[in-house]
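Asker: I am attaching a structure below and will ask some questions about it afterwards.
Structure follows, in structure tokens:
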């Protein structure tokens, strides 16, 4: 495996630079001295439109592309807008990958998600469990689109020797996450709820389930670090899992959030409510074998995220 | 039963291919007068703008999406990017524009290769995505699976009436008879024909002859396509097969008979057989009330006649 030296002055297109992942990437790249970042908002460049994507690539000829633009959302959104979830993602991916090849992009990194894997994949989930069993129905639209993206990258490499790689992150958290009271994921949801319980002086916070399910979390700044690492060091056909390798129970997570927020009341477990899947952990040994590991502990990551939340969300409401 | 309005514009994408040409024949025979047909050079379905302009201008009521980038094992292995990309582009462009411009109903065509390599035999619709794909055509298969899912997603989100049909191995007029990359049935027709005209004493066929296969004449498929357009609006895709298996040995003997070759068939059992059995589970379509009508023998005779008139005579 030859390290590829990424030219820091070459035009570098970060698609989706305002999202959770894209914004962390921009911060990382800027801190590393990348001076020529090509950034376009959705209204400046609608990635679902083939002709505008191609015109953009023709005009700017990015040497490197990180494809972190996607239509994302939770269970409810996937169930309500399945047409959008499959179509927009396939359009974005197809347009960006085909134009990148056509206009001589040197390397492209495609981002997916752990939901590409079968619902009953072995735990920890290795890369080779892809397409070995049925998907989780609640996000199959998004998953099929992302799987097509992985396969498209592989196909371009095989037919055209186009250097496209794919990275599949575990559950992410951090600045720019979605803290919406109804449709955020468990970690930002807990941060918000404990914060609100603190400021309102509530005696207790009720959390659904038994607290026993095990989950893995990765701070998005660690992901950005891993993606730069992969751009520099990995050019393989197979996609790569990016996880922290560290599991916590929902109970441990909740207690950590309580501590970080400084809430002094009670946690009450409503075990009549569902737990969800008992365990979900990526097998990150392939990435570890390449020499990468995360640096941000869950506690430090939560403190960083809570601080961002106070400055950017709660103070604006 | 929801009869299709016979004067309404019907877009048959891919009308010059094996499937598309059979669908046209069927529709014309049934008195459909308003067929919108565009060759690849008239309308490149991979270009989003061109497809949308076409739909905006012509507003097809019905769409049969029989256009695809197709090919055998060697082509899939050599051009995987084309196989996944061109098919995804065609499907995404046609389905999104059809919805946007108020198409009433769309039928998407796939292939039996969407199913897992080790699917139970006969292969039921619900085997989809339950196991690994056959690696030699995974690029095409993933594109086609995405198409099925896109049709389902549009139905769920927009109540768009999109259905998907998955045919078994097809044969008939307009098939590919290329000496090197045709499928087994047209390959055998060609080889026995050439052995007859060249007076060759024997034809060597690879394998033991034991593997079981299913074939459907493309005119039967066209009939099923019209049937589904009129009678089916379900979420799940539908297998379209004949339900009749033959061994490769039986097929070879039938071809020999139809071509009237008088020499010997020799089996080279040192060569590989391929998968032992491949049969679609046709019971869902059968329960809707559709049956194939063309026997393999009649279908082979029809195909051989077409081959003589259209391939042999032009060479």
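Residue numbers (my numbering), protein chains in the order written: chain A, 695 to 1011; chain B, 2 to 316.
Cβ atoms here follow ideal geometry from the backbone N, Cα and C, with glycine treated the same way.
As the structure is a computational prediction, the values presented were derived from the model and not from experiment.
1) Listing by chain order, which chain B residues have their CB less than 7 Å from the CB of residue 854 of chain A?
2) So that I know if they touch, is there some Cβ in chain A lying closer than 8 Å to that of residue 139 of chain B?
3) Buried or exposed: which applies to residue 199 of chain B, given that a residue is buried once 16 or more other Cβ atoms fall within 10 Å of its Cβ?
4) Taking 7 Å as the limit between beta carbons, can you name the residues of its chain near residue 790 of chain A, skipping five residues before and five after?
5) Inspect the beta-carbon positions of residue 215 of chain B and residue 242 of chain B and report whether they are closer than 8 Å.
6) Within this structure, are the beta carbons of residue 142 of chain B and residue 115 of chain B separated by less than 8 Å?
7) What are the residues that DSSP puts in a beta bridge with residue 187 of chain B?
8) Looking at the unbroken alpha helix (DSSP H) that takes in residue 882 of chain A, where does it start and where does it end?
9) Threshold first: 4 residues or longer. Then list the alpha helix (DSSP H) segments lying entirely within the stretch 740-778 of chain A, N to C.
10) Does chain B have any CB closer than 8 Å to the CB of residue 695 of chain A?
11) Nearest by alpha-carbon distance to residue 265 of chain B: which of B:204, B:30, B:41, B:210 is it?
12) Express the C-alpha separation of residue 945 of chain A and residue 902 of chain A in angstroms, rounding to a whole number.
13) Strictly by DSSP, which residues pair up with residue 165 of chain B?
14) For the putative contact between residue 223 of chain B and residue 291 of chain B, defined by C-beta atoms under 8 Å, what is the C-beta separation to the nearest angstrom?
15) Identify the residues that DSSP records as bridge partners of residue 266 of chain B: which are they?
16) So that I know if they touch, is there some Cβ in chain A lying closer than 8 Å to that of residue 125 of chain B?
17) Ordered along the chain, which non-local residues of its own chain (more than five positions away) have a Cβ less than 8 Å from that of residue 956 of chain A?
18) Can you give me the C-alpha to C-alpha distance between residue 697 of chain A and residue 864 of chain A, rounded to a whole angstrom?
19) If we count the other Cβ atoms within 10 Å of its Cβ and call it buried at 16 or more, is residue 202 of chain B buried or exposed?
20) At a cut of 8 Å, does the stretch 46-58 of chain B reach the stretch 98-108 of chain B through at least three beta carbon pairs?
21) Just confirm the distance between the C-beta atoms of residue 810 of chain A and residue 81 of chain B, as a whole number of angstroms; I'd bet it's less than 8 Å.
22) For residue 120 of chain B, would you say it is in contact with chain A, using Cβ-to-Cβ distances shorter than 8 Å as the test?
23) Are residue 212 of chain B and residue 274 of chain B touching if we call contact CB-CB under 8 Å?
24) Which first and last residues belong to the beta strand (DSSP E) in which residue 179 of chain B is found?
25) With DSSP as the reference, label residue 1006 of chain A as helix, strand or coil.
26) So what does DSSP say about residue 314 of chain B, is it helix, strand or coil?
27) Please tell me whether residue 745 of chain A has its Cβ less than 8 Å away from any Cβ of chain B.
28) Cβ closer than 8 Å: which chain A residues qualify as neighbours of residue 365 of chain B?
29) Can you check the stretch 823-870 of chain A for any beta strand (DSSP E) of at least 3 residues that lies completely inside it and give the ranges in chain order?
30) Taking the alpha carbon of residue 966 of chain A as the reference point, which residue from A:737, A:785, A:905, A:777 has its own alpha carbon closest?
31) Using three-state DSSP, classify residue 960 of chain A as helix, strand or coil.
32) Going residue by residue through the stretch 5-88 of chain B, where are the continuous beta strand (DSSP E) segments of at least 3 residues, counting only ones entirely within it?
33) Note down, in chain order, every chain B residue with its Cβ under 8 Å from the Cβ of residue 775 of chain A.
34) Going by DSSP, which residues form a beta bridge with residue 172 of chain B?
35) Any C-beta of chain B sitting closer than 8 Å to the C-beta of residue 792 of chain A?
36) If the cut-off is 9 Å on Cβ atoms, which residues from the stretch 71-97 of chain B count as contacting chain A, listed in chain order?
Answerer: Checking against the coordinates, here is how it stands:
1) 82
2) yes
3) exposed
4) 709, 741, 747, 759, 761
5) yes
6) yes
7) Beta-bridge pairing links residue 187 of chain B to no other residue.
8) 880-893
9) 744-754, 769-774
10) Only weak support exists for where residue 695 of chain A lies, its pLDDT of 37 falling under 50; the coordinates are left without a value.
11) B:204
12) 10 Å
13) B:109
14) That pair is no contact at about 12 Å.
15) B:204
16) no
17) 892
18) Reliability of the predicted coordinates at residue 697 of chain A is poor, the pLDDT of 47 falling under 50, and no value is obtained from them.
19) exposed
20) yes
21) The Cβ separation is near 19 Å, so there is no contact.
22) no
23) yes
24) Unbroken run through residue 179 of chain B: none, as it is neither H nor E.
25) helix
26) coil
27) yes
28) Only positions 2 to 316 of chain B appear in this structure, which leaves residue 365 of chain B out of reach.
29) 858-863
30) A:905
31) strand
32) 11-14, 63-66
33) 158
34) B:218
35) yes
36) 78, 79, 80, 81, 82, 83, 84, 85, 86, 89, 90, 92, 93, 94, 96, 97
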